[in-house]
Amino acid sequence: MNLRKVWGSVWSSSSSSVGAFDQLPMDILVQILMLMEPRDLVKLRCCLAYFCRMISSESEELSFMRVYGQRAQVPDSIIIDGGSGYCKFGRSKNDSPSGRSATFLEFGNIESPIYARLQQFFVTIFNRMQVKPSMQPIVVSLPLCHLMVHLLSFFYTESAKASRRLLKTAILNVLFDMNVPAVCAVNQASLSLYAARQTSGIVVNIGFQVITIVPILNGKVMRQVGVEVIGFGAFKLTGFLKEKMQENNTTFQSLYTVRTLKENLYYVALDYEAELSRDTKASMEIMGEGWFTLSNERFQTGEILFQPRLAGMRAMGLQQAVALCMDHCDAAELTGDGSWFKTVVLAGGSACLPGLAERLEKELQNYLPSSSICNGVKVIPPPCGVDTAWHGGKLISNLSTFPGSWCITRKQFRRKSRLMW
Numbered sequence: 001m002n003l004r005k006v007w008g009s010v011w012s013s014s015s016s017s018v019g020a021f022d023q024l025p026m027d028i029l030v031q032i033l034m035l036m037e038p039r040d041l042v043k044l045r046c047c048l049a050y051f052c053r054m055i056s057s058e059s060e061e062l063s064f065m066r067v068y069g070q071r072a073q074v075p076d077s078i079i080i081d082g083g084s085g086y087c088k089f090g091r092s093k094n095d096s097p098s099g100r101s102a103t104f105l106e107f108g109n110i111e112s113p114i115y116a117r118l119q120q121f122f123v124t125i126f127n128r129m130q131v132k133p134s135m136q137p138i139v140v141s142l143p144l145c146h147l148m149v150h151l152l153s154f155f156y157t158e159s160a161k162a163s164r165r166l167l168k169t170a171i172l173n174v175l176f177d178m179n180v181p182a183v184c185a186v187n188q189a190s191l192s193l194y195a196a197r198q199t200s201g202i203v204v205n206i207g208f209q210v211i212t213i214v215p216i217l218n219g220k221v222m223r224q225v226g227v228e229v230i231g232f233g234a235f236k237l238t239g240f241l242k243e244k245m246q247e248n249n250t251t252f253q254s255l256y257t258v259r260t261l262k263e264n265l266y267y268v269a270l271d272y273e274a275e276l277s278r279d280t281k282a283s284m285e286i287m288g289e290g291w292f293t294l295s296n297e298r299f300q301t302g303e304i305l306f307q308p309r310l311a312g313m314r315a316m317g318l319q320q321a322v323a324l325c326m327d328h329c330d331a332a333e334l335t336g337d338g339s340w341f342k343t344v345v346l347a348g349g350s351a352c353l354p355g356l357a358e359r360l361e362k363e364l365q366n367y368l369p370s371s372s373i374c375n376g377v378k379v380i381p382p383p384c385g386v387d388t389a390w391h392g393g394k395l396i397s398n399l400s401t402f403p404g405s406w407c408i409t410r411k412q413f414r415r416k417s418r419l420m421w
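First residue of the sequence shown? That's 1 in UniProt numbering, and the numbers climb one at a time after it.
In structure tokens form, the structure reads like this:
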């Protein structure tokens, strides 16, 4: 009985599946074996033989060494989320991006398939990270929308597909010319969805120039269903706040000041009309410029997402575009249950403003045409803030199946290019 208690105590204090044997003194183990009946020894021998097969690499199934060995072999990768406004980059084994840059100001429109511009962009990133392109795979986000044809690019047409293919080919050409061993190029919307631990849903990306509403089913963008594009984005929000500050005779040095105030003070009101009667003043100090006090413009800036006419724009409100996308998904009847599109994931820096998810969910409940569609709708704020798409790339790169089927190698790309042309 005492021997059984000793054995139970040692076993329960173990922190791993084999920790009890590591901590058990040899003399006690010998005593246990000596006191065991012959038939118990036979059973123990069979159990140990089976256990040894499980942890050895000889067994193809249920092999601990095989499963965890594959995870250990996952290479360190470079994750690059190249948005049109801001770019985030870093190693897959880091908790967050190691660097950021103002893409449009520094490199111009990287969503245009111009080889020299894309080359400068990637060379600069590798230099800042102090890494050699040939040493690790790359996960790169593909832009949601080609800015030069953003009014066309998401329609299900041959010209739209050709535009997307041209940009992807240009990116791959640049990276493989830099001797990158393998590239995983994934749509930004899909990466944001993965970061939310989802594979199906609708991604609302508030980009630098445009807002895109993208339906995704099992990781694939459903362009044939319909992707909605609203012709303004974060840059317009910053510009609207700038105009409001100028109307109030508030002086500032640059748009960077306005952007900083927007990111720290503005929010979306759950009830716009009720918010107008409240005292909403808030202040913030910016180094070198002093204190700034904002009032109604704090929530009026975000309100143009739902009422673009407040900024003099003729465009769909966010709730209208998302509801239209949901209606198309419901009509397409791609799955049996019809619930795959009821999870809405927000993405993009301006999607992080407080109150946006709650307001959009409320508006959708009121705006959707039927109760069968609006029941169960859930809006999720950006899971990882402004770095949501980057973290989606990190999640992919840390899978045991990466690079594997996720990536295309230089040899595969060249062979495919020859077949295409």
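For glycine and all other residues, C-beta sits at the position ideal for the given N, C-alpha and C.
Taking a cut-off of 8 Å on C-beta distances, the region 372-388 touches the region 176-195, as three or more cross pairs fall below it. By the C-beta density criterion, D330 is buried, having at least 16 other C-beta atoms within 10 angstroms.
Q119 has its alpha-carbon roughly 16 Å from the corresponding atom of I78. Residue state for G392 is assigned as helix, using DSSP reduced to three classes.
Within the same chain, and ignoring the five residues on either side of P403 in sequence, the residues whose Cβ sits closer than 6 Å to its Cβ are P137 and A182. At least 8 Å separates the beta-carbon of L217 from that of N187. In the DSSP annotation of this structure, S283 is not part of any alpha helix (DSSP H); the continuous beta strand (DSSP E) holding it starts and ends at A282 to I286.
The closest CA to that of P215, considering only W340, A185, N179 and N94, is found on W340. In this structure, V379 lies near L360, with their beta-carbon atoms less than 8 Å apart. A Cβ-Cβ contact shorter than 8 Å links L261 with M284. Following the DSSP letters along the chain, one finds T212 in no alpha helix (DSSP H) but inside the beta strand (DSSP E) bounded by residues I211 to L217. Only residues of its own chain outside the window of five on either side were considered, and among them V225 and G226 have a CB closer than 6 Å to the CB of H328, listed in chain order.
When only Cα atoms are considered, R164 and A170 end up about 10 Å apart.
Taking a contact to require three or more Cβ pairs closer than 8 Å, the region 85-98 and the region 125-136 qualify as touching.
Taking 8 Å as the cut-off, the beta carbon of N205 is found closer than this to the beta carbon of G348.
DSSP lists T409 as the beta-bridge partner residues of A182. Runs of the beta strand (DSSP E) lying entirely within the region 337-386, each at least 3 residues long, are 343-347 and 378-380 in chain order. Straight-line measurement puts the Cα of V322 at about 30 Å from the Cα of W406. Counting C-beta pairs with one atom in each stretch, the region 263-279 and the region 358-373 have three or more that are closer than 8 Å, which means they touch.
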